[in-house]
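So the structure is just underneath, and the comments pick up after that.
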DNA sequence: ATGAAAGCGCTAACAG
DNA sequence: CTGTTAGCGCTTTCAT
């Protein structure tokens, strides 16, 4: 492999000039820049990553910590990872893939060895045990998910509150006056993830604001529970015409249950969901999606900003987008 | 961050002794090794990755090139990636994630900059354009998939021929005498991937060997095609009692079609599939799976062997495992 | 606008 | 068994 001294000799300049010509960190005359570029091309020169990292104390590598726990939606994680890699490359960085499994020790390892110079941590819990470490680490990091106290951190997530609101507002616009939220399965709350609560907040707030009658029903992630939930919904809210489902597992069974109970979707009942795109697409449900690709890109951009010494907001909440499908329609007028 | 000279001073030895005590590359007395370890612990010493890579010409990083093309099964790729990372960590290596998108340029880049010192390339096609480059690269690589000419390369894949055989043999053992293979959709052949052909070979060979009557039916990946395929199967092979499906997309529609045509699975017709685990599990189909985790682990181990100067086989074909589910049963005797 | 030279932190001869 | 020393290839002062 050609090295920087080879390029320098060939271009008739000093190594430092080559370095500066390539990095642009100090003014170089057009003539020499051209000669340097030429020499680089001819020799197929590539700076040695290790040498660069050692001398420049920047590895140009981002570490991505991905979850593999049961319950995480694989396509969403993958789409996110792809977006991170793509965006990182656009900023001339590479991505080191780590599993959650390595835990805090893993974060410390890549930071201390200077393998990476920034971290992206996915699947952050409300009271994540890694938060103190991330706060104290010299390396900048971006978290995906919104913990209870984002102070001193940088977090990106879907605005789940706005997602809850968007669903209700959509139903309200269609003339629905009585709505219900079928919530996340208990384990989501146990896992101390913030988003479930935030959906409830948004749902309730929007309903109150719009003068709608509303109720919230948590639901176990089983078909049987979905069936019972559907029955209970209709019993307790006979005038119900709009439902928001934030529980991917029961989406299909719930729809089935409604239809078995004699309710047509969307004619008698409008249904919207907050879930990944595929299930909603498959079932034709109007839904709000986690924009994984956008979250990934944004995470990288925030990291780049921080690496450049910039200051960024502690929480970046992405606006939800509602995709209209066949499961919602104007309320039938009697 | 503490550096090796700090550790040396504290342990009362020279830097090289610290290095050797840590790498084990030359004999060190128990006493000094202990003192070194102690100093490392006290100072929380971590060798600088860049410095190590520069001086030792080994980055301890593996590059993983993952596909994201339409048509690749995301959970399979993900499971594979996780297994690669986990296994790499066991060998004290890290994994750089790259997208197929970067192409040959990307491979060249990580190799030339010494960012990684070995490559794992997924989704290798029969006549993959990257093969010449991979052959000539100084860095060792392992390919996932079996190209037409594996000479000078190291490839790992499921033994699809054996998978075809395993399905037929399973059906034969259950007493079935007339079998059919519903093959891959045309695009798989167009993509010049070897595995489709190899399944056909195994299927036919095993059927011939066992004296079974057999036929092969390629099938478009649409429900309509599945329906037509089912009808044609029964028309052309009225005595058919065993089916092998190597076409994930039509698995469910095919089963539906059979049942609509009055055939009970498994009572009238035994069905086996070669496909990822989830669909087979969901539909209760006896199946042969691509053991992604095992493939990933094996790929890393082969790479380690090569990095250590060892010689490894050009093609490693993993034995398929048949998972029994409710879709196969002994042939009903008239 | 360019060059000279001093490291960055580690490994691996080379010498005992 | 251990120490001394010379780089690995690049970036970045410090000069001019």
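Residue numbers (full-length UniProt numbering), protein chains in the order written: chain A, 1 to 334; chain B, 1 to 334. Cβ atoms here follow ideal geometry from the backbone N, Cα and C, with glycine treated the same way. Predicted model, so just to flag it, every value in this text is computed and none were measured.
Can you list the residues of chain B that residue 91 (chain A) reaches, using a CB-CB cut of under 9 Å?
Under the 9 Å cutoff, chain B gives no residues; its nearest Cβ is about 14 Å from residue 91 (chain A).
Just the Cα atoms here: how many angstroms apart are residue 312 (chain A) and residue 296 (chain A)?
In a straight line, the C-alpha of residue 312 (chain A) is about 16 Å away from that of residue 296 (chain A).
Between the stretch 40 to 49 of chain B and the stretch 264 to 278 of chain B, do at least 3 Cβ pairs fall closer than 8 Å?
Too few Cβ pairs lie closer than 8 Å, so no.
Compile a chain-ordered list of the residues in the stretch 112 to 131 of chain B whose CB is closer than 7 Å to at least one CB of chain A.
Answer set for the stretch 112 to 131 of chain B: 112, 113, 114 and 115.
Just curious, the alpha helix (DSSP H) that residue 94 (chain A) is in, first and last residue?
Here residue 94 (chain A) belongs to no alpha helix (DSSP H); instead the beta strand (DSSP E) covers 94 to 99.
One question on the structure: do residue 174 (chain A) and residue 292 (chain A) come within less than 8 Å of each other, judged by their Cβ atoms?
No.
Starting from residue 59 (chain B), find everything on chain A with Cβ-Cβ shorter than 8 Å and list it in chain order.
Simply 49 and 50.
Buried or exposed for residue 159 (chain A), please, with buried defined as at least 16 other CB atoms from any protein chain shown within 10 angstroms of its CB.
The residue in question, residue 159 (chain A), is buried, as its Cβ has 16 or more Cβ neighbours within 10 Å.
Between the beta-carbon of residue 246 (chain A) and the beta-carbon of residue 199 (chain A), is there less than 8 Å?
Yes. Within cutoff.
Label residue 154 (chain B) either buried or exposed according to how many other C-beta atoms from any shown protein chain fall within 10 Å of its C-beta, with 16 as the threshold for buried.
Buried is the call here.
Taking residue 33 (chain A) as the reference, give the member of A:41, A:25, A:18 and A:44 with the closest Cα.
When only C-alpha atoms are compared, the closest one is A:18.
Please go through the same chain and pick out, in chain order, the residues whose beta-carbon is closer than 7 Å to the beta-carbon of residue 279 (chain B), but skip the five residues on each side of it.
Cβ neighbours of residue 279 (chain B) beyond the five flanking positions: 248 and 251.
My parser needs the alpha helix (DSSP H) runs of 4 or more residues fully inside the stretch 200 to 242 of chain B; what are they?
Whole alpha helix (DSSP H) segments, 4+ residues: 223 to 236.
Whole angstroms is fine: what's the gap from residue 22 (chain A)'s alpha carbon to residue 77 (chain B)'s?
Between residue 22 (chain A) and residue 77 (chain B), the C-alpha separation is close to 37 Å.
In the structure shown, what three-state DSSP assignment does residue 167 (chain B) receive?
Residue 167 (chain B): helix per DSSP, three-state reduction.
Helix, strand or coil, according to DSSP, for residue 295 (chain A) in the structure here?
Three-state result, residue 295 (chain A): helix.
So the candidates are A:134, A:135 and A:126; which of them puts its Cα closest to the Cα of residue 146 (chain A)?
When only C-alpha atoms are compared, the closest one is A:126.
Under 8 Å between the Cβ atoms of residue 241 (chain B) and residue 270 (chain B)?
In this structure, residue 270 (chain B) lies closer than 8 Å to residue 241 (chain B) by Cβ.
In the structure shown, what three-state DSSP assignment does residue 255 (chain B) receive?
Residue 255 (chain B) falls in the helix class under three-state DSSP.
List, in chain order, every chain A residue whose beta-carbon is nearer than 7 Å to that of residue 75 (chain B).
Those within 7 Å of residue 75 (chain B) in chain A are 74.
Below 8 Å, how does it come out for the stretch 165 to 172 of chain A and the stretch 118 to 135 of chain A: are there three or more Cβ pairs, yes or no?
The stretch 165 to 172 of chain A, when compared against the stretch 118 to 135 of chain A, does not touch it at the 8 Å Cβ threshold.
So residue 294 (chain B) contacts chain A; which residues on that side make the cut at Cβ distance below 9 Å?
Under the 9 Å cutoff, chain A gives no residues; its nearest Cβ is about 17 Å from residue 294 (chain B).
Please classify residue 128 (chain B): does DSSP put it in a helix, a strand, or coil?
Three-state DSSP puts residue 128 (chain B) in coil, outside helix and strand.
Cβ of residue 249 (chain B) less than 8 Å from any chain A Cβ?
By this cut-off, residue 249 (chain B) is not an interface position.
Taking the alpha carbon of residue 323 (chain B) as the reference point, which residue from B:103, B:289 and B:26 has its own alpha carbon closest?
Closest by alpha carbon: B:289.
Show which residues of chain A have a CB atom less than 7 Å away from the CB atom of residue 359 (chain B).
Since the first and last residues shown for chain B are 1 and 334, residue 359 (chain B) lies out of range.
I need the boundaries of the beta strand (DSSP E) containing residue 57 (chain A), first residue and last residue.
Careful: residue 57 (chain A) lies outside any beta strand (DSSP E) and carries neither H nor E.
So residue 81 (chain A) and residue 64 (chain A) are in contact, right, with Cβ under 8 Å, and what is the actual spacing, rounded?
Contact holds; Cβ gap of about 6 Å.
From A:277, A:138 and A:94, pick the residue whose C-alpha is nearest to that of residue 109 (chain A); which is it?
Checked all of A:277, A:138 and A:94; the closest Cα to residue 109 (chain A) is A:138.
Within 10 angstroms of its Cβ, does residue 281 (chain B) collect 16 or more other Cβ (buried), or is it exposed?
Result: exposed.
Return yes when the Cβ of residue 217 (chain A) is within less than 8 Å of the Cβ of residue 181 (chain A), no when it is not.
A contact, by the Cβ cut-off of 8 Å.
To which residues of the same chain is residue 69 (chain B) closer than 8 Å at the C-beta, ignoring the five residues directly before and after it?
Cβ within range, chain order: 100 and 123.
According to DSSP, is residue 272 (chain B) helix, strand or coil?
Three-state result, residue 272 (chain B): strand.
Please report how far the alpha carbon of residue 132 (chain A) lies from the alpha carbon of residue 111 (chain A), in whole angstroms.
Between residue 132 (chain A) and residue 111 (chain A), the C-alpha separation is close to 15 Å.
If we cut at 8 Å on Cβ distances, does residue 304 (chain B) have a partner in chain A?
By this cut-off, residue 304 (chain B) is not an interface position.
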